[in-house]
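Going by this note's numbering, the sequence shown opens with residue 1437, and the numbers climb by one from there.
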Amino acid sequence: MRLGQKMFGLLKKGFAHAVFAMAGWSFKGEAPKAPKTVFIAAPHTSNWDFVLLVLCAWHFNLRLQWLGKHTIFKKPFGGFMRALGGVPVDRRSTHNLVDQLKAEYENCEEFHLAIPPAGTRGYRDYWKSGFYHVAVGAGVPLVFGFLDYSRKEGGIGGVIDLTGDVTTDMDEIRKFYDQLGARFPKRKSRIRLRAEDEVIEEAAAEHEPPQRAVGM
């Protein structure tokens, strides 16, 4: 790492610590050892969540990437958006999002992609499953990035390798995120994927007794 980059990193870390100290917050956890990860950004109920998450990344000396619609990366602001960690995605492409992001992971030596699974600051019955499919598809660990407003703590709560068994993996994720306090608790989405209920419904259907025919 060049001297200028190192100094800039120290300045960002110092700034992050100063802001957290003034706000009465503290950092928790350790930076992931893996050079490529998917970073859960939750709970997400306020615009301030993104700011605090960036400060956490500066504390851990991580460069977080985030997804943006490809149109915002056009000139003259494209270079600036990329410098902020933006990754353009084109949903019109014949290649789906997971394939696009797998290519990004393959082309980078270090890549930490932050995804808010709720996909919105409002309440949702289900998390979006994109973060899960990207991590499985790229073969990278999942990092528990978090903000806990009840304790005024932010950072990294753990790192797991996904098994591909969605229910087992989500049970581990729920175990950690269920306990966290959001800035707006009523907006905190239920920590569940729609696929989990689909698995249950399919299993129930397989064990249903055959229906008796109704006589004419």
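Virtual Cβ for every residue (Gly too), placed ideally from N, Cα, C.
Cβ pair residue i, residue j closer than 8 angstroms
i	j	result
Leu1598	Tyr1568	yes
Lys1510	Gly1591	no
Leu1503	Val1525	yes
Ala1554	Tyr1585	no
Trp1484	Phe1451	no
Ile1636	Arg1610	no
Arg1499	Gly1521	yes
Glu1653	Val1595	The structure shown has nothing for residue 1653, since the chain only spans 1437 to 1652.
Span of the beta strand (DSSP E) around residue i
i	result
Val1579	Leu1578 to Asp1584
Gln1536	Element bounds for Gln1536: not the beta strand (DSSP E) but the alpha helix (DSSP H), Leu1533 to Asn1543.
Phe1591	Correcting the residue identity first, residue 1591 is Gly in this sequence and not Phe. Residues Glu1589 to Ile1596.
Phe1475	Lys1472 to Ala1478
His1548	Phe1547 to Ile1551
6 angstroms CB neighbourhood of residue i in its chain, flanking five on each side removed
i	result
Ala1477	Leu1489, Ala1550, Pro1552 and Gly1581
Pro1471	Glu1546
Ala1571	Val1474, Leu1578 and Leu1598
Cys1492	Gly1590 and Gly1591
Lys1538	Gly1573 and Ala1574
Per-residue burial, residue i [other beta carbons within 10 Å of its own, 16 or more giving buried]
i	result
Ala1574	buried
Trp1461	buried
Pro1621	exposed
Ser1625	buried
Gln1589	First, the amino acid is wrong: residue 1589 is Glu here, not Gln. The residue is buried, with at least 16 neighbouring Cβ atoms inside 10 Å.
Pro1512	exposed
Gln1501	buried
Leu1616	buried
Met1443	exposed
Asp1605	buried
Val1650	Its pLDDT being 42, under 50, Val1650 is placed unreliably by the model, and nothing is read from it.
Neighbourhood of residue i by C-beta, 8 angstroms cutoff - its chain only, sequence neighbours within 5 removed
i	result
Thr1530	Here Thr1530 scores only 46 on pLDDT, less than 50, and its place in the model should not be relied on; the value that follows carries that caveat. Excluding residues within five positions, none has a Cβ falling inside 8 angstroms.
Gln1441	none
Ala1467	Phe1496, Asn1497, Leu1498 and Ile1592
Arg1630	Tyr1562 and Ser1565
Lys1449	Trp1494, His1495 and Asn1497
Residue i, enclosing alpha helix (DSSP H) - first and last residue
i	result
Lys1611	Val1602 to Tyr1613
Trp1494	Trp1484 to His1495
Phe1516	Gly1514 to Ala1519
Phe1567	Gly1566 to Ala1574
Contacting residues, own chain, Cβ-Cβ under 7 angstroms from residue i (five flanking each side not counted)
i	result
Arg1623	Thr1481, Arg1557, Gly1558 and Tyr1559
Lys1469	none
Met1517	Gly1504, Ile1508 and Phe1509
Asp1614	Ile1627
Glu1608	Ile1596
Segment contact flag, the segment 1532-1544 with the segment 1451-1458, C-beta cutoff 8 angstroms, min 3 pairs: no
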